[in-house]
Amino acid sequence: MSRSNIRFFLLVAVIIVLQGCASPTQREIYFADGTKGYNINCSGREMNFSHCLEKAGEICNAKGYHILNQSGMIIPHSVAVHDFKKNPYSPTSGYATFPGSTMTRNVFIRCK
4 MSRSNIRFFL
14 LVAVIIVLQG
24 CASPTQREIY
34 FADGTKGYNI
44 NCSGREMNFS
54 HCLEKAGEIC
64 NAKGYHILNQ
74 SGMIIPHSVA
84 VHDFKKNPYS
94 PTSGYATFPG
104 STMTRNVFIR
114 CK
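Quick look at the structure:
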């Protein structure tokens, strides 16, 4: 096997492993009335809101859940990685610019 083939297979293996690592995260929260709920984050290109809802089902099991709020937005990388101090070595005057964008998604739930 040549070196380029080995590198290719390693690259493919890394991509497969990283795709398997993407899963929604949950954080226990308390609402103003004192009841417990969850903030489920399913941000990123490899996930969507259905991943958040699957996680909500895992958390609440057969009891079910109420969706209290959901939000999502696409943030350009130039905004997402903004450097608050001016960088004299950067021609972009304090911004680290990269092509693409970051997608954020959050769902707030309460178990029934």
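Position 6 of the sequence shown, counting from 1, maps to 9 under our numbering, and the rest follow consecutively.
Glycine included, every Cβ here is placed at the ideal spot set by N, Cα and C.
Source: prediction; values computed, not measured.
Quick check: residue i and residue j, are their CB atoms within less than 8 Å of each other?
i	j	result
Met76	Thr38	no
Tyr33	Ile112	no
Cys63	His54	no
Taking the beta carbon of residue i as the centre, do at least 16 other beta carbons fall within 10 Å, making it buried, or is it exposed?
i	result
Ala35	exposed
Lys115	exposed
Ala65	exposed
Val110	buried
His43	Checking the displayed sequence, the identity of residue 43 turns out to be Ile instead of His. Buried.
I'd like to confirm the pairing. Which residues does DSSP put opposite residue i in its beta bridges?
i	result
Phe111	Asn42 and Asn72
Ile32	Gly40
For the putative contact between residue i and residue j, defined by C-beta atoms under 8 Å, what is the C-beta separation to the nearest angstrom?
i	j	result
Phe52	Gln29	Phe52 to Gln29, Cβ: 14 Å. No contact.
Of all the alpha helix (DSSP H) runs that stay within the bounds of the segment 49-84, which reach a length of 4 or more residues?
52-63 and 80-83
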